[in-house]
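A.B. asks: First to last, the sequence lines map onto chains A and B. Residue 184 in my numbering sits at position 184 of the first sequence; the count goes up by one each step and never skips. Residue 1073 in my numbering sits at position 73 of the second sequence; the count goes up by one each step and never skips. Glycine residues also receive a C-beta, built at the ideal position from the N, C-alpha and C atoms. None of these values were measured; they are calculated from a predicted model. The structure is given below, and queries will be raised subsequently.
There are 2 protein chains.
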Amino acid sequence: MTTIENPTRNGVDTATLFATIDAVKNNTDIAKFQFRATNKWISGTHNQSTIHGFFGAMQEMEHQQGWTFNADHPAVLVGTDNGPTPVEYLLHALAACLTAGIANVAAARGVNLTEVESTVEGDIDLVGILGLATEAQPARNGYEQIRVSFKLRGDTPENLRKVVEQSRSRSAVYDVLTNGTPVHIDIDAG
Amino acid sequence: MTTIENPTRNGVDTATLFATIDAVKNNTDIAKFQFRATNKWISGTHNQSTIHGFFGAMQEMEHQQGWTFNADHPAVLVGTDNGPTPVEYLLHALAACLTAGIANVAAARGVNLTEVESTVEGDIDLVGILGLATEAQPARNGYEQIRVSFKLRGDTPENLRKVVEQSRSRSAVYDVLTNGTPVHIDIDAG
């Protein structure tokens, strides 16, 4: 049994968090999730994704609402700038995943947070995607490197650093971005 | 010199696309980009990223506007459902990148598009991030597998399939998600 002094800390309902972990221990099928997005091409590099339903806890579920996100290229990359580029969404996903993990880990450990901010930068040499990489100037298609800078306040520097490290070691997005995931593509071309 | 029958196809300004490629051939420094996102923790698993400025074409640039995106966990994952989960944004980024590439490649090849839709699914076993993976039930933190299903119309099935394949082979997000990227984390813990 876990002793809980403060059932809500840093906005995390720790009682429910521990109860969820206990429930998964008893039936790990609860933890098998499938997330989804649907995308529709608008024009040129502008397209839109919708995120609403998912599978989890052994049933079809839905978020409280559906969300639609635009993606596009800026004018300098021959787009119409109706939304961020797809690669910018990766940086948001990484910051969001590490930050949610920081909040959960801190709450579970009784570490206080008053401020968590981060900046994520990704370096990319577009000669890769433009098909202009050469032996003299090799380039991959994706980011060469991503850097995350966190600023945290609310507890001792040592406690805060350990929380970030534990969040990193349990982050789904960090794992996918650093280790990769198999991607399969099916095509219905009429 | 590239002969262009139709300078705009599928909403892509092909004349500017080819001119951009020629410009990069002459000075590859133009192609060195840095994208950025800043994130702020709100409460619990809810946080917000802003995307606005970036570096490219040898100068600091900005999108026409800044965009803010919420991320959160749904109630079943002990969050407040104020936005998609971070891992759902990865699926959006993948669909958006492949679709933008499809539009560009099709335009460059004179292939017509009338419809491009996709669904992306990602399978994840949350025993990984919950720290409950065992030897008997191993699980990574991130997606085990991602599947993209495209529906395309507007040209011959063969042409459409080749366009998707070329987009995949030049997609920045596909590259990062399948091959991984080094991620460095700095911490300012007061």
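#1: For the segment 1067-1113 of chain B, which segments carrying the beta strand (DSSP E) assignment without a break, of at least 3 residues, lie completely within its bounds, in sequence order?
#2: Quick one: what's got a C-beta closer than 6 Å to V173 of chain A's C-beta in the same chain, skipping five residues either side?
#3: Identify, in the order they occur along the chain, each residue of the same chain with its Cβ nearer than 6 Å to the Cβ of T1119 of chain B, setting aside the five sequence neighbours on each side.
#4: Between A100 of chain A and N10 of chain A, how many whole angstroms is the CB-CB distance? I'm expecting something under 8 Å.
#5: What is the C-beta distance between V1116 of chain B and L1152 of chain B, in whole angstroms, given that I count them as a contact (C-beta under 8 Å)?
#6: Could you check whether the segment 121-129 of chain A touches the segment 1032-1044 of chain B, counting it as contact only if at least three pairs of C-beta atoms, one from each stretch, sit closer than 8 Å?
#7: Taking only runs of the beta strand (DSSP E) that begin and end inside the segment 30-72 of chain A, which ones reach a length of at least 3 residues, in chain order?
#8: Please compile the residues from chain B whose C-beta is within a distance smaller than 8 Å of the C-beta of A23 of chain A.
#9: Quick check: the Cα distance between S43 of chain A and P1138 of chain B, rounded to an integer number of angstroms?
#10: State the Cα-Cα distance for the pair N1047 of chain B and N1159 of chain B, rounded to the nearest angstrom.
#11: Out of B:I1185, B:V1164, B:D1175, B:L1177, point me to the one whose CA is closest to V192 of chain A's CA.
#12: Starting from T119 of chain A, follow the beta strand (DSSP E) in both directions and report where the run begins and ends.
#13: Go ahead and pull the three-state DSSP assignment for L1132 of chain B.
#14: Closer than 7 Å, Cβ to any Cβ of chain A: which residues of the segment 1024-1045 of chain B, in chain order?
#15: Taking only three categories from DSSP, how would you classify S1171 of chain B?
#16: Mapping the DSSP letters down to three states, classify T1002 of chain B as helix, strand or coil.
#17: At 9 Å on the CB atoms, spell out the chain A contacts of P1007 of chain B, in chain order.
#18: Say the cut is 8 Å; is the CB of G154 of chain A nearer than that to a heavy atom of the ligand PLP?
#19: Could you tell me whether the segment 50-68 of chain A touches the segment 1077-1086 of chain B, where touching means 3 or more Cβ pairs closer than 8 Å?
#20: Report the partner residues of F150 of chain A according to the DSSP bridge assignment.
#21: Can you name the residues that DSSP bridges to D1013 of chain B?
#22: Is it true that the CB of Y89 of chain A sits closer than 9 Å to the CB of F1069 of chain B?
#23: I'd like to know if G101 of chain A contacts chain B, where contact means its C-beta is closer than 9 Å to some C-beta of that chain.
C.D. replies: This is what the structure gives:
#1: none
#2: A93, L94, C97
#3: Cβ neighbours of T1119 of chain B within its own chain (closer than 6 Å, five residues either side excluded): S1149.
#4: That pair is no contact at about 11 Å.
#5: 5 Å
#6: yes
#7: 32-43, 46-56, 59-71
#8: Per Cβ cutoff of 8 Å: no residues; A23 of chain A is ~10 Å from chain B at best.
#9: 43 Å
#10: 42 Å
#11: Summary: the structure shown does not reach residue 192 of chain A, with chain A confined to residues 1 through 190, and so no result is reported for it.
#12: From DSSP, the beta strand (DSSP E) with T119 of chain A extends over 115-125.
#13: coil
#14: V1024, K1025, T1028, A1031, K1032, F1033, Q1034, F1035, R1036, A1037, T1038, N1039, K1040, W1041, S1043, G1044, T1045
#15: For S1171 of chain B, the three-state secondary structure derived from DSSP is coil.
#16: In this prediction, T1002 of chain B has a pLDDT of 49, which is less than 50 and means its spatial position is unreliable; nothing more can be read from the coordinates.
#17: Going along chain A, no residue has its Cβ under 9 Å from P1007 of chain B, so there is no contact; the nearest lies around 12 Å.
#18: With respect to the ligand PLP, the structure offers nothing, as it holds no ligand at all.
#19: yes
#20: A:S118, B:I1187
#21: Looking at the DSSP assignment, D1013 of chain B forms a beta bridge with B:T1008.
#22: Taking the C-beta atoms as reference points, Y89 of chain A is found nearer than 9 Å to F1069 of chain B.
#23: yes
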